Each structure stands twice: as C-alpha cells, then as structure tokens.
Amino acid sequence: MQVATEVLSKLLSEYVSSIVDKASKGGRLTSTDAVILIAALTQREFEDLSKKLDDTNTRIDHLERRVEQVRVEVLQRISDVRAELLGKIEDTNKRIDDTNKRVDEVKADLSSKITALDKKVDEVKADLSSKITALDKKVDEVKADLSKRIDDARLELLSKIDDINKRVDDVKADTTQLKHSQDHLRDKVLALLADKLKQ
Numbered sequence: 001m002q003v004a005t006e007v008l009s010k011l012l013s014e015y016v017s018s019i020v021d022k023a024s025k026g027g028r029l030t031s032t033d034a035v036i037l038i039a040a041l042t043q044r045e046f047e048d049l050s051k052k053l054d055d056t057n058t059r060i061d062h063l064e065r066r067v068e069q070v071r072v073e074v075l076q077r078i079s080d081v082r083a084e085l086l087g088k089i090e091d092t093n094k095r096i097d098d099t100n101k102r103v104d105e106v107k108a109d110l111s112s113k114i115t116a117l118d119k120k121v122d123e124v125k126a127d128l129s130s131k132i133t134a135l136d137k138k139v140d141e142v143k144a145d146l147s148k149r150i151d152d153a154r155l156e157l158l159s160k161i162d163d164i165n166k167r168v169d170d171v172k173a174d175t176t177q178l179k180h181s182q183d184h185l186r187d188k189v190l191a192l193l194a195d196k197l198k199q
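Residue numbering for the sequence shown is 1 to 199, as defined by the UniProt record's numbering.
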C-alpha cells in the first residue's frame, strides 16, 4: 500500500512538473491540467501542513514530555524540600524541647542551690548572732571586771596615798621632834662649853 502510494505520488509529481513546465513555456493548460495542478498544490500544501502539524505535534509531545519531566522533577524537589523542611522543623522542635528541658533543669538546680545558700546564710546569721551575743556578754563581763578592778585599784591607790600622807606627816613630826632635840642638844652643848670657859 505504501509502495503504491509512493508510486502514485511520484507519477503525480512528474505530471505536475510537466504541467508547470508547459505553463512556463506559455502553453495552454486544459481544465484537467488546471484541476490536477490545483489538486497537486492542495496536496502539497496539505503535505506541508501535515508535516508542520506533525512537527508541531512532535514538539508538543516533546514539550509535554518535558513538562511532565519538569513536573515530576518539581514535585520531587517539592517533596525533597518538604521532607528537608519537616526534618529541620522536627530537629528544631527537638532542640527547643531539649533547651526547655535544660532550662527547667538549670532552674531547678539554681533553685536548689539558692535554697541551700539561703539555709546556709540563715545558719551563718544565727551562728554570728549567737557569737555576737556571747561576745557582747563577754564584753559586758570584761567591762564589769575592769570597772571593779579600776574601782579596787582606785581605792587601793587612795589608801596608799592616805598611808603615804600619814607617813609623810609622821616623818614631818619626827623631823620636827628631831630638830627640837638637836636644838636642845646644841643649847646644852653650848651651855656646857660656856660653863667650862668660865672656869
């Protein structure tokens, strides 16, 4: 069938070529020649159009395949990006959860340490208060003891001063008496000397 079509197409092409050659030489075309020429032109246009349509369909098929390929690639890329984003979101959520857990642990640890520190501060304050109270008591005792010692020393000093004054007075009295005795003795010696000189 295809061979017969090719043969007929070849014969028609040769006949059309002869008609065109005849017309180019100024020959008169019959109505049959005109019909065959029109048919040939129509056939040629049809073949050209068919070829163009085939080319267009081929390009469309190629474009459709390319579009499908691009669609598949885009969908795959979207799927990959979605999976990557979901993975990153999941990883981010996990990190947020881990961070929140760590924050809670740190808060609990700090709270425990602060509580222990407050307890230690209270213990130190209580110990210092007790020591300060004991020190105040000791200071009061020392002050009282020093005050008593000062009073005792003052009384003892006053007593010694009185004793010294008394002894000074005694020495003065003894000195006065001794002076009187010396004066009396001198007078007696002078009297004796005077008596001897008279003899």
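Every residue gets a Cβ at the ideal spot worked out from N, C-alpha and C, and that includes glycine.
This structure is a prediction, so every number in the text was calculated from the model and none was measured.
Under the three-state DSSP convention, the category residue i falls into
i: Arg28; result: coil
i: Met1; result: Residue confidence for Met1 is low, a pLDDT of 49 falling below 50, so the modelled location carries little weight; the figure read from the coordinates is stated next. The answer is coil: DSSP assigns Met1 none of H, G, I, E or B.
i: Lys179; result: helix
Residue i at chain C interface by Cβ criterion, 9 Å
i: Thr133; result: Considering every chain present, this structure includes no chain C. It has just one protein chain.
Proximity test, residue i beta-carbon vs the ligand FMN heavy atom, cut-off 8 Å
i: Leu197; result: The model depicted lacks the ligand FMN and carries no ligand whatsoever.
Inset, instruction - Could you pull out every unbroken beta strand (DSSP E) segment of at least 3 residues lying fully inside the stretch 149-196, listed in chain order? - result: If we require 3 residues or more, the stretch 149-196 turns out to have no beta strand (DSSP E) run fully inside it.
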